[in-house]
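Report on one structure; see the data block that follows.
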Amino acid sequence: VWKKWVAGLVLVLTIAAMIFEKQIGVSLAVSAWVGALVIVATGVITENEAVKSIDMKTILLFVGSLALGTAMVKSGAGAYIANLIVDALGDTPNPLALLAVLFFLSVFMTNFMSNTADVALLAPIGLSLASQLGFDPKAILVAIVISSSLAY
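Residue numbers (UniProt numbering): 1 to 152.
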């Protein structure tokens, strides 16, 4: 019974630390690691159970997708694709038209790849477009993230 209470308390405290990341000066990753360490240190789960619960496929998917996104930024491929989109939409595209293009491109792509890879590929393009056109990058990123989860 005590393990449920400790796990619940650690979960609540970890989420609180993540919510107040800027106020307390602790990054999301550190909060997650501290929460995991407390769970193991208190004996809620064993070290072996903790290691077995790590899904390496998911971690490798994230790492590979982030590397691909970084490569798109550093190689200039993201900016090149962004320029193609701007050329197709005109010099001063309607913000809603741009959002629609990115939204439907993401919906299309996520049918053939993981959501994570979709976002990792399109986020640099969206950020480049936002920078070029003076649009709010948050709106573009939200559209990409939401649309990447629309394939089932």
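Quick reminder that beta carbons are idealized off the backbone N, C-alpha and C, glycines included.
- In this structure, the CA atom of Asn83 is about 44 angstroms from the CA atom of Val12.
- With a beta-carbon spacing of about 5 angstroms, Val107 and Ser147 fall inside the 8 angstroms limit used to define contacts.
- The alpha-carbon of Ala77 is positioned some 30 angstroms away from that of Ser27.
- In this structure, the straight-line span from the alpha carbon of Ile54 to that of Met18 is close to 20 angstroms.
- Ala32 sits close to Thr14, with the two beta carbons spaced by under 8 angstroms.
- Rounded to whole angstroms, the separation of the alpha carbons of Pro137 and Ala79 is 14 angstroms.
- Secondary structure note for Ala151: it is in no alpha helix (DSSP H), with a DSSP letter that is neither H nor E.
- Fully contained in the UniProt domain "Citrate transporter-like" (16-150) are the following alpha helix (DSSP H) runs of length 4 or more, in chain order: 21-24, 28-41, 47-52, 56-75, 77-89, 95-110, 115-133 and 137-147.
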